[in-house]
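**Student:** Submitted below is the structure of interest, expressed as structure tokens.
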Amino acid sequence: MIKKANIWYTLFDILVVILMTLVLLITLYPFVNSLAISLNDADDTVRGGITFFPRVPTTRNYELVFTNEKIYTAYLVTIGRTVIGTLGGLLLTSLFAFGMAHRHLKGRKLYTILCIIPMYFGGGLVPFYFLLRSLGLMNSFWVYIIPNLVNIWNMILMRTYFQGIPPDLEESARIDGANYITVFFKIILPISTPIVATIALFVGVFQWNSWYDAAMYVTKQELKPMQSVLMNIINEAKFAEQLAQAANQGGGVDLSNVAKGKKVNVRSITMATMIVTVVPIILVYPFLQRYFIKGIMVGSLKG
Amino acid sequence: MPGKQSAIQNSLNVRGEKNSNRNTKERESFFRDFLKQADLQVLVIPAIFLIVIFSYIPMYGVLMGFQDFQLGDFPGLSPWVGFRHFKTLLQDPNIPIVMRNTLVISLLKTVINFPAPILFAVLLNELMGKHFKKAVQTISYLPHFISWVVAAALMFDFFSVDNGAVNSALVGMGIIQKPIHFFGKAEYFWGMSVLTDLWKGLGWNSIIYFAAISSVDAQLYEAAEIDGAGRFTKMWHITIATILPTIVLLFVFNIGGLLNANFDQIMMLTNQMTNPLLRSHADVLDTYVYRVGLRESRYSFGAAAGLFKSAVNILLLLAANKIAGKISGTSVL
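Going line by line, the protein sequences match chains Y and G. If you use this note's numbering, the first sequence corresponds to residues 5 to 307, in order. If you use this note's numbering, the second sequence corresponds to residues 6 to 338, in order.
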């Protein structure tokens, strides 16, 4: 009886391992493949068959990416919005959460209601657009920062964490005459690394990956972030593909060659640009993993 | 007589004074307490100020949906038209298609992509190898950290007609004869949006279940073992039972978001809706609001459509909450 069960369990284990390996492979393959394509000679890539490794290794695609001056400004915009947006967002949201963690905060009930309603109901895209217009945030770098400084969900995660800190720590400092701002920076912040790292990662990734605000509210080229540049390149690639298809159907030899030539370069360059865009994030998140798992755990189990 | 009158007046006055006295005293003490904790209030007020501006002023802005807003009008002061835009919305021949796409995509995601992370977490939890488990977890989070812009580029390549991995594999195994144009046909769009969403969210959405599973007391498993419970019994009665409240909570929120069919994803997979081939299956409520509201500059109409969506979402959320409350005994909201 026990033997029989063991066989089933072993079989089950093997199945799960196979399934998980499959998940791993499907998750990773698109990244590995595009890395290989970005490092492969563009003329060779069109012959097909590039999978895990480049066949004719070259850094030419990356050199081409970096001859584009737009990339430098876009990268600066992305870094700028990520650094300023994350620091500003962390400061405002963590102070907010720390204040809300105190039961004797006057007006706490009103503040809580003011926080809960927007979690379920919003005015929608069009009124928001006109708000930004009348605030003069159109075509301004600050449209990336100011509307995203306070995130209510992140505040709740942080508040839950702060509420779990023993009150004695704070009280002894208060008796010594320290005000709440000092208490926060001197006592609370140093022991809140997990939640601060978690929220920093969330806000940082949001800022790094945002394309929506840039597409909706910004038309100035010098204010466009990396995601917008990448989006344009992808659109160009799609356009070239459609052009090539149309040309093939029409039978125009010249046109098809022109379109094909364009497509080859665009595909390699798309991949190189994409790698340049994702590398910083891929390098950062595994190191913050233990923090964000802890941060989510605290928030989810209590909230 | 005048003495009596004045006495009444006096008493009224006294009472009035007393009342106003108490009120001002209460108010005074509130303000005094408020000022006493000024160093605490100062932490909260900037954030509240930003919330009022960026969340509440747009709520006031929905008045546009009941008015005829023209560029240059002060929002909320345009001529009233009542429910005219809502009537136009419900009569728009695009709306049945848009609603169908929104609901089909959302429901498919609910049926397939909602249970998948639960299964993933429970199965992975069954494995013994600590390093393998950790590696699978870390890598499964990866797609969450990239934008939909990048994800779309990766997926276009993965499913590409010329030498895309999926087509090569399918042709190689002899399942299909010719490569399939996965992103070029409207009929495939629903499936593609579900698959790419699964690829991007599977690992990340399982974190919360891992967290819930890791809170299970190990003694519970040991006790069950002594009682003769097999592995699958333990999986069902301990692991799944523990994460059930989390599942219910997330499910209610999921239902409350049925009309959000992931704007980011759909915009990117359709090249910002410029691909006319996909429109018939990819146009969802959010892309519709964006198109009519901002692209075609029908501001009032767009605001009305946005409000319609928010209102239906709230109703769905409340209904789901009520049903979940009836089944599990407690309301989650």
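For every residue, glycine included, the Cβ atom is placed at its ideal position computed from N, Cα and C. Remember, predicted model here, so these are calculated numbers, not experimental data.
Can you give me the C-alpha to C-alpha distance between Met-301/Y and Pro-198/Y, rounded to a whole angstrom?
**Tutor:** As a first step, residue 301/Y must be located in the first sequence, where it is residue number 297. As a first step, residue 198/Y must be located in the first sequence, where it is residue number 194. When rounded, the distance between both Cα atoms is 11 angstroms.
**Student:** How is Asn-318/G classed by DSSP in three states: helix, strand or coil?
**Tutor:** By 1-based counting over the second sequence, the position of residue 318/G is 313. Helix at Asn-318/G.
**Student:** Exposed or buried, what is Leu-141/Y when buried is set at 16 or more other beta-carbons lying within 10 Å of its beta-carbon?
**Tutor:** Position 137 of the first sequence, counted from the start, is the residue given in the question as residue 141/Y. Burial call: buried.
**Student:** Could you list which residues in chain G have their beta carbon closer than 7 angstroms to that of Val-147/Y, in chain order?
**Tutor:** Indexing the first sequence from 1 puts residue 147/Y at position 143. Correct list: empty, because the minimum Cβ distance to chain G is about 11 angstroms.
**Student:** Does Trp-85/G come out as helix, strand or coil in the three-state DSSP assignment?
**Tutor:** Start at 1 with the first residue of the second sequence, and residue 85/G comes out as number 80. Trp-85/G falls in the strand class under three-state DSSP.
**Student:** If we cut at 8 angstroms on Cβ distances, does Lys-228/Y have a partner in chain G?
**Tutor:** On the first sequence, residue 228/Y is found 224 positions in, with the first residue counted as 1. Output row for Lys-228/Y: interface = no.
**Student:** Could you work out which residue in Ile-231/G, Gly-189/G, Asp-167/G and Ala-325/G is closest to Ser-256/G when comparing CA atoms only?
**Tutor:** As a position in the second sequence, residue 256/G is number 251, starting the count at 1. This sequence places Phe at residue 256/G; Ser is not what is there. Of the listed residues, the one whose Cα sits closest to Phe-256/G is Ala-325/G.
**Student:** I'd like to know if Leu-95/G contacts chain Y, where contact means its C-beta is closer than 8 angstroms to some C-beta of that chain.
**Tutor:** The residue you call residue 95/G lines up with position 90 of the second sequence. By this cut-off, Leu-95/G is not an interface position.
**Student:** At 8 angstroms on the CB atoms, spell out the chain Y contacts of Met-178/G, in chain order.
**Tutor:** As a first step, residue 178/G must be located in the second sequence, where it is residue number 173. Chain Y residues near Met-178/G: none, gap ~15 angstroms exceeds 8 angstroms.
**Student:** In angstroms with no decimal places, state the Cα-to-Cα distance between Asp-165/Y and Gln-224/G.
**Tutor:** For the purposes of this step, residue 165/Y is taken as the residue at position 161 of the first sequence. For the purposes of this step, residue 224/G is taken as the residue at position 219 of the second sequence. According to the sequence provided, residue 165/Y is Tyr. The question's Asp does not apply to it. Whole-angstrom Cα-Cα distance: 27 angstroms.
**Student:** Cα separation between Asn-261/Y and Ala-46/Y?
**Tutor:** By one-based count along the first sequence, residue 261/Y stands at place 257. By one-based count along the first sequence, residue 46/Y stands at place 42. At Asn-261/Y, the pLDDT of 47 sits below 50, so the modelled position is not reliable; the number obtained from the coordinates is stated separately. Their Cα atoms are separated by approximately 15 angstroms.
**Student:** Could you check if Met-133/G is buried or exposed, using at least 16 other CB atoms within 10 Å of its CB as the buried criterion?
**Tutor:** By 1-based counting over the second sequence, the position of residue 133/G is 128. Met-133/G is exposed by the Cβ-count criterion.
**Student:** Say whether chain Y places a C-beta atom closer than 8 angstroms to the C-beta of Thr-107/G.
**Tutor:** As a working note, residue 107/G is residue 102 in the second sequence. No - not a single Cβ of chain Y is within 8 angstroms of the one on Thr-107/G.
**Student:** Going by the beta-carbon positions, is the gap between Ile-248/G and Ile-212/G smaller than 8 angstroms?
**Tutor:** Counting from one through the second sequence, the residue named residue 248/G turns up at place 243. Counting from one through the second sequence, the residue named residue 212/G turns up at place 207. No, Cβ-Cβ distance for Ile-248/G and Ile-212/G is not below 8 angstroms.
**Student:** If we define contact as Cβ-Cβ less than 8 angstroms, is Met-197/G a contact residue for chain Y?
**Tutor:** Here residue 197/G refers to the residue found at position 192 of the second sequence. Met-197/G does not count as touching chain Y.
**Student:** Below 8 angstroms, can you find three or more Cβ-Cβ pairs linking the region 106-113 of chain G to the region 185-203 of chain G?
**Tutor:** Yes, since at least three Cβ pairs between the region 106-113 of chain G and the region 185-203 of chain G fall closer than 8 angstroms, the two stretches touch.
**Student:** If we cut at 8 angstroms on Cβ distances, does Ile-185/Y have a partner in chain G?
**Tutor:** Walking along the first sequence from the start, residue 185/Y turns up at place 181. Judged by the 8 angstroms Cβ criterion, Ile-185/Y is in contact with chain G.
**Student:** List the residues of chain G whose Cβ lies closer than 7 angstroms to the Cβ of Ser-38/Y, in chain order.
**Tutor:** The residue labelled residue 38/Y in the question sits at position 34 within the first sequence. Chain G residues near Ser-38/Y: Leu-159 and Asp-162.
**Student:** Between which two residues does the alpha helix (DSSP H) carrying Pro-120/G extend?
**Tutor:** Counted from its first residue, the second sequence places residue 120/G at position 115. Unbroken alpha helix (DSSP H) run through Pro-120/G: 120-131.
**Student:** Give, in chain order, every unbroken run of the alpha helix (DSSP H) that is at least 4 residues long and sits entirely within the region 142-197 of chain G.
**Tutor:** If we require 4 residues or more, the alpha helix (DSSP H) runs fully inside the region 142-197 of chain G come out as 153-163 and 170-177.
**Student:** Compare the beta carbon distance of Lys-286/G and Asn-106/G with 8 angstroms and say whether it is the shorter of the two.
**Tutor:** On the second sequence, residue 286/G is found 281 positions in, with the first residue counted as 1. On the second sequence, residue 106/G is found 101 positions in, with the first residue counted as 1. Residue identity check: residue 286/G is His in the sequence provided, not Lys. Yes.
**Student:** Considering just the uninterrupted stretch of the alpha helix (DSSP H) at Pro-171/Y, what are its terminal residues?
**Tutor:** Indexing the first sequence from 1 puts residue 171/Y at position 167. Run containing Pro-171/Y: 171-179, per the alpha helix (DSSP H) assignment.
**Student:** Out of curiosity, what's the CA-to-CA distance linking Val-282/Y and Ile-151/G?
**Tutor:** Your numbering for residue 282/Y matches position 278 in the first sequence. Your numbering for residue 151/G matches position 146 in the second sequence. Val-282/Y and Ile-151/G: Cα-Cα distance of roughly 7 angstroms.
**Student:** Quick one: which chain G residues come within Cβ less than 7 angstroms of Ile-117/Y?
**Tutor:** Position 113 of the first sequence, counted from the start, is the residue given in the question as residue 117/Y. Residues of chain G passing the Cβ test: none, with the nearest at roughly 11 angstroms.
**Student:** The region 289-305 of chain G: which residues have C-beta closer than 7 angstroms to a C-beta of chain Y, in chain order?
**Tutor:** Residues Val-294, Tyr-295, Gly-298, Leu-299 and Tyr-304.
**Student:** Check this for me: beta carbons of Phe-306/G and His-149/G, under 8 angstroms apart or not?
**Tutor:** Indexing the second sequence from 1 puts residue 306/G at position 301. Indexing the second sequence from 1 puts residue 149/G at position 144. Contact: no.
**Student:** Return the CA-CA distance between Pro-171/Y and Ile-121/Y, expressed in angstroms with no decimal places.
**Tutor:** Residue 171/Y sits at position 167 when you count from the first residue of the first sequence. Residue 121/Y sits at position 117 when you count from the first residue of the first sequence. When rounded, the distance between both Cα atoms is 29 angstroms.
**Student:** Return the Cβ separation of Gln-231/Y and Gly-89/Y in integer angstroms, given the expectation that the two are a contact with Cβ distance under 8 angstroms.
**Tutor:** Residue mapping note: residue 231/Y aligns to position 227 of the first sequence, counting from 1. Residue mapping note: residue 89/Y aligns to position 85 of the first sequence, counting from 1. At roughly 14 angstroms, the Cβ-Cβ gap does not stay under 8 angstroms, so Gln-231/Y and Gly-89/Y are not in contact.
**Student:** Between Asn-276/G and Lys-242/Y, how many whole angstroms is the CB-CB distance? I'm expecting something under 8 angstroms.
**Tutor:** Stepping through the second sequence from its first residue, residue 276/G is reached at position 271. Stepping through the first sequence from its first residue, residue 242/Y is reached at position 238. The Cβ separation is near 5 angstroms, so the contact holds.
**Student:** Determine whether the beta carbon atoms of Pro-229/Y and Arg-85/Y lie at a separation below 8 angstroms.
**Tutor:** Counting from one through the first sequence, the residue named residue 229/Y turns up at place 225. Counting from one through the first sequence, the residue named residue 85/Y turns up at place 81. Going by C-beta atoms, Pro-229/Y is nearer than 8 angstroms to Arg-85/Y.
**Student:** Tell me, which residues are paired with Gln-72/G by DSSP?
**Tutor:** Along the second sequence, one-based indexing puts residue 72/G at 67. For Gln-72/G, which the question treats as bridged, DSSP gives the partners Trp-85/G.
**Student:** Please decide whether Tyr-193/G counts as near chain Y, where near means a Cβ-Cβ distance under 8 angstroms.
**Tutor:** Here residue 193/G is taken as the residue at index 188 of the second sequence, counted from 1. No, its Cβ sits nowhere closer than 8 angstroms to a Cβ of chain Y.
**Student:** With 8 angstroms as the threshold, decide whether the Cβ of Ala-229/G is near any Cβ in chain Y.
**Tutor:** In the second sequence, the residue the question calls residue 229/G occupies position 224. Ala-229/G does not count as touching chain Y.
**Student:** Residues of chain Y with CB closer than 9 angstroms to the CB of Leu-82/G, please, in chain order.
**Tutor:** Along the second sequence, read from residue 1 onward, the residue named residue 82/G stands at position 77. In chain order: nothing, as chain Y lies at least about 12 angstroms away.
**Student:** Taking just the CA atoms, how far does Ser-165/G sit from Arg-59/Y?
**Tutor:** One-based indexing of the first sequence puts residue 59/Y at position 55. One-based indexing of the second sequence puts residue 165/G at position 160. Their backbone Cα atoms lie some 19 angstroms apart in a straight line.
**Student:** Strictly under 8 angstroms for the Cβ-Cβ distance: is Trp-215/Y near chain A by that measure?
**Tutor:** Absent here is chain A; the protein component of the structure consists of chains Y and G.
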